[in-house]
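These protein sequence lines map, in sequence, to chains A and B. Count along the first sequence from 1, add 1028, and you get the number used in the working numbering. Count along the second sequence from 1, add 209, and you get the number used in the working numbering. Heads up, the beta-carbon is just placed ideally off N, CA and C, and yes, glycines get one too. Note that the coordinates shown come from a computational prediction; the quantities given were computed from them, not determined experimentally.
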Amino acid sequence: MRAMFFTQAVDDALAQAMSDDPRIIVFGEDTPLLRRNLLVRFGPKRVRGTPISESAFLGAGVAAAMAGLRPVVDLYMVDFLGVCMDALLNHAAKVKAFSGGKWTAPVVVRAPCGGGYGDGGQHEQSLWGWLAHIPGLTVVVPSTPADAGGLMLTALQHDGPVIFLEHKLLSETWLEFLGSGGRRTVKYDVPAEGAKGAVPQKWEPIPFGKAVLRRAGRDVTIASLGVSVHRALEAAQTLEKEGISVGVLDLRTVSPLDNAAVCEAVEQTGRLLVVDEDYEGFGLSGELSAVVLEAGKSFKYARVCTQTTIPYARHLEDQVLPNKQRICASIRQLMQKC
Amino acid sequence: MLRSRLFEEAIAKLWGDGLISGEMHLGTGEEAIIAGVVAHLREGDAMALDHRGSAALLMRGVDPVLILRELLGHSDGLGGGLGGHMHLLFKEYLAASSGIVGAEGPMAAGFALSAQYLHPGSIAVAFFGEGAMNQGMLMESMNLAAAWNLPVVFVCKDDGWSITTPSETVTGGDLNERARGLGVPAVRVDGREVSEVWEASRSAIERARSGQGPTFLHVRCVHLEGHFLGFQLIRVVRHPLREMPEIAVPLTRSFLRTGGAALGERLTGLKSVFAAVLSTLRDPRRDSANDPLRRVRPNLLPDPVRLKELEDEAEKEINKALATALGEVPS
Chain A
1029 MRAMFFTQAV DDALAQAMSD DPRIIVFGED TPLLRRNLLV RFGPKRVRGT PISESAFLGA
1089 GVAAAMAGLR PVVDLYMVDF LGVCMDALLN HAAKVKAFSG GKWTAPVVVR APCGGGYGDG
1149 GQHEQSLWGW LAHIPGLTVV VPSTPADAGG LMLTALQHDG PVIFLEHKLL SETWLEFLGS
1209 GGRRTVKYDV PAEGAKGAVP QKWEPIPFGK AVLRRAGRDV TIASLGVSVH RALEAAQTLE
1269 KEGISVGVLD LRTVSPLDNA AVCEAVEQTG RLLVVDEDYE GFGLSGELSA VVLEAGKSFK
1329 YARVCTQTTI PYARHLEDQV LPNKQRICAS IRQLMQKC
Chain B
210 MLRSRLFEEA IAKLWGDGLI SGEMHLGTGE EAIIAGVVAH LREGDAMALD HRGSAALLMR
270 GVDPVLILRE LLGHSDGLGG GLGGHMHLLF KEYLAASSGI VGAEGPMAAG FALSAQYLHP
330 GSIAVAFFGE GAMNQGMLME SMNLAAAWNL PVVFVCKDDG WSITTPSETV TGGDLNERAR
390 GLGVPAVRVD GREVSEVWEA SRSAIERARS GQGPTFLHVR CVHLEGHFLG FQLIRVVRHP
450 LREMPEIAVP LTRSFLRTGG AALGERLTGL KSVFAAVLST LRDPRRDSAN DPLRRVRPNL
510 LPDPVRLKEL EDEAEKEINK ALATALGEVP S
């Protein structure tokens, strides 16, 4: 086993796939600088920079995928999808249906997401629920380097559009680029297990729609993803000392969602807490409650999510994003409900 | 301009000390552009600002303490500590910033539309970089402004860099021709010379006020700190021993890995990485002739007493604002 940082793992899996499949090309704003390690191995024809024209280059990525390439489109941040959503919403997601299942757009959109480093509400959103809402889009949110690499390999082999989201607190390069900028005077709450970890010698694909149980528990099931998985694990450790046994299920992909794993876990504990850094209303947390209700389960439910625009001020931001204290408080309340 | 420079240098220090989180985009080097335009604004005029809007707000008259308190994340800051430096809003001056590149275009068009109906004679200014010129919504806004004869002055602060990519490598055609093609008259201005900007923007703003429609000002400048503070390539040049290994080691490993392009392609890739670093070495920001403050100062030298008075006044004001914002003196 090798150990890798989060984005290093994604790039390594991408490089392995690029080496095997000449149809994979990578482009985006500042990509020659940000993916310079890929540039010097695969050359400027396969790793190229774009103008700040998201509608054009993402739209072009979708069509290039329809015509035989396998583009990986680098977007600076998932927030900036606001500029070019049409390419995903009305095109990438629709090709398969409109062609009667005969045509697809195997494009991978790679974008940093998430907050916790004080960049403000236009640059720290999660938005995976918003994306997964659209039929035809696959949405991946890994929480460890090993998952990130394996899921990237799957994304590159998938026959439809995939949005691959890398949380900036886990990504050594994005956090350096956007958060610290070479400073040693700032500190962020980076979950160590998510930022660096063991990865396989050779990357193997990890199937979409398969959640993984990070921790078994008898009393409460936490369903989560991304950085929040690590916050949930911290909370579970604390609650263990109080005699509350908490399981943590890492969903890994928002769409497809592993309904079976969620229902099975909730069946055993009878309590579901969703910890989701994305917005609370009309999103993943509500979806999970519907999934379990539709399966006919009786359970107690709560959620810890982001409810407002993410504040710039670090101390306010820490309160708004899911944190250990909020998770613990929510679980203690769940345990009291009869 | 000097107030703005000192103000932003104070911000850079706070950022370096870790008191400001996240990214920090300064406008040092573009002071002549902002000053030359903002000097003509009056009540009822609007400003659509980009992610480096602090200088424009300061020059428009916003209390520097409010901006600093915002950047420090306090509830008594300009936006209650909720916005941060890329999202500064000030309703009284119809001034709104955005961290989304190109968003200044539609915003200025909308401010101008409102002015047409509610305050004829008022205008809107959009400040953005040349990287934003490749953003669809900005080009669409220029067309809209031309079609609706909106009182907008589009100010393109061209420093040659689209974030960290040289703009010439990702831009087709000529920006002034592009504006003209959309029906917006274009004027090329040296953004290092405040008097030139002042003259050009006076004409453009008068034109807009008198109902003759939008103008595009293409103003060249040099951002003294690059796209944002802590930009890696600038760090490599300033602290090569500390920064170089972090880039060079993985780069070399990847270059040597089996699988991938032929040697020629790899070398082309490697050359472009070197070119990026070298372009930072040859950087025009190292040439003091590109600093608008240094260029304008000699004009005031004939009256050294007045010059010193002005400089002392600016320094005193910013130092006081900083001390107040940090809670070192009562506000």
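Asked, Found
"State the Cα-Cα distance for the pair B/A318 and B/V396, rounded to the nearest angstrom.", "19 Å"
"Buried or exposed: which applies to B/Q597, given that a residue is buried once 16 or more other Cβ atoms fall within 10 Å of its Cβ?", "With chain B covering 210 to 540 only, the question about residue 597 of chain B has no answer from this structure."
"Check whether the Cβ atoms of B/L347 and B/G314 sit closer than 8 Å, and answer yes or no.", "yes"
"Per the contact definition of three or more C-beta pairs closer than 8 Å, is the stretch 233-252 of chain B in contact with the stretch 406-421 of chain B?", "yes"
"DSSP three-state call for B/G338: helix, strand or coil?", "strand"
"What does A/H1161 reach in chain B if we use C-beta pairs closer than 9 Å?", "Here the premise fails: no neighbours, minimum Cβ distance about 22 Å."
"Note down, in chain order, all residues in the stretch 1336-1351 of chain A with a beta-carbon under 8 Å from any beta-carbon belonging to chain B.", "T1337, P1339, Y1340, A1341, R1342, H1343, L1344"
"What is the rounded straight-line gap between the Cα of B/L490 and the Cα of B/F437?", "17 Å"
"Name the residues in the stretch 339-357 of chain B whose C-beta lies less than 9 Å from a C-beta of chain A; which are they?", "G340, A341, M342, N343, Q344, G345, M346"
"Let me know if A/F1034 comes out buried or exposed under the rule of 16 or more other beta-carbons within 10 Å of its beta-carbon.", "buried"
"Starting from the C-beta of A/Q1150, find all residues in its chain whose C-beta is less than 8 Å away, skip the five residues before and the five after it, and write them out in chain order.", "D1107"
"Using beta-carbon positions only, say whether A/R1242 and A/L1261 come within less than 8 Å of one another.", "yes"
"Return the chain-ordered ranges of every beta strand (DSSP E) run that is complete within the stretch 1210-1292 of chain A and spans a minimum of 3 residues.", "1224-1227, 1240-1243, 1248-1252, 1274-1278, 1281-1283"
"Taking B/L433 as the query, report the chain A residues whose CB atoms sit under 9 Å from its CB, ordered along the chain.", "Here the premise fails: no neighbours, minimum Cβ distance about 16 Å."
"For the stretch 1054-1081 of chain A, enumerate the residues whose C-beta is nearer than 9 Å to any C-beta of chain B, in chain order.", "E1057, D1058, T1059, P1060, L1061, L1062, R1064, N1065, L1066, L1067, V1068, R1069, F1070, G1071, P1072, K1073, R1074, V1075, G1077, T1078, P1079, I1080, S1081"
"Along the chain, which unbroken stretches of the beta strand (DSSP E) at least 3 residues long are found entirely within the stretch 280-340 of chain B?", "304-306, 333-338"
"Please state the DSSP three-state secondary structure of B/G518.", "It should be noted that the sequence gives Glu, not Gly, for residue 518 of chain B. It is helical."
"I'd like to know whether the C-beta of B/R377 is nearer than 8 Å to at least one C-beta of chain A.", "Note that residue 377 of chain B is Glu in the sequence shown here, rather than Arg. Answer no: the Cβ-Cβ gap between B/E377 and chain A never drops below 8 Å."
"Is it right to say A/K1215 is buried, meaning 16 or more other beta carbons lie within 10 angstroms of its own, or is it exposed?", "exposed"
"The beta strand (DSSP E) with B/V246 in it runs from where to where?", "B/V246 -> not in any beta strand (DSSP E); alpha helix (DSSP H) instead, spanning 240-247."
"Please identify, using Cβ separations under 9 Å, the residues of the stretch 1140-1171 of chain A that lie next to chain B, in order along the chain.", "Y1145, G1146, D1147, G1148, G1149, Q1150, H1151, E1152"
"Between the stretch 210-229 of chain B and the stretch 374-386 of chain B, can you find at least three pairs of beta-carbon atoms closer than 8 Å?", "no"
"Beta-carbon within less than 8 Å of A/G1087's beta-carbon, same chain only, minus the 5 sequence neighbours each way: which residues are those?", "C1112, D1114, A1115, H1119"
"Can you give me, in chain order, the residues of the stretch 1202-1236 of chain A that have a beta carbon less than 9 Å from any beta carbon in chain B?", "E1204, F1205, L1206, G1207, S1208, G1209, G1210, R1211, R1212, T1213, V1214, K1215, Y1216"
"Check whether the Cβ atoms of A/A1202 and A/P1163 sit closer than 8 Å, and answer yes or no.", "One detail in the question is off: residue 1202 of chain A reads as Trp in this sequence, not Ala. Cβ atoms of A/W1202 and A/P1163: not closer than 8 Å."
"Between the beta-carbon of A/V1135 and the beta-carbon of A/P1219, is there less than 8 Å?", "no"
"How long is the line joining the alpha carbons of B/G340 and A/S1081, rounded to whole angstroms?", "9 Å"
"Could you name the residues of the same chain whose beta carbon sits closer than 6 Å to that of B/S323, not counting the 5 residues immediately before and after it, in chain order?", "none"
"Quick one: complete beta strand (DSSP E) runs, 3+ long, within the stretch 1087-1131 of chain A?", "1098-1102"
"In angstroms, rounded to a whole number, what distance separates the CA positions of B/P513 and B/S213?", "21 Å"
"Can you check whether the C-beta of A/V1111 is within less than 8 Å of a C-beta belonging to chain B?", "yes"
"Under the three-state reduction of DSSP, which class applies to A/M1032: helix, strand or coil?", "strand"
"Go ahead and label A/D1102 buried or exposed: buried means 16 or more other beta carbons lie within 10 angstroms of its beta carbon, across all protein chains shown.", "buried"
"So, is B/A530 buried or exposed, given that buried needs 16 or more other C-beta atoms within 10 angstroms?", "buried"
"Among residues of its own chain, excluding the 5 on either side of B/P493, which ones have a beta-carbon nearer than 6 Å to its beta-carbon?", "V431, N499"
"Would you say B/M295 and B/S284 are within 8 Å of each other, going by their C-beta atoms?", "no"
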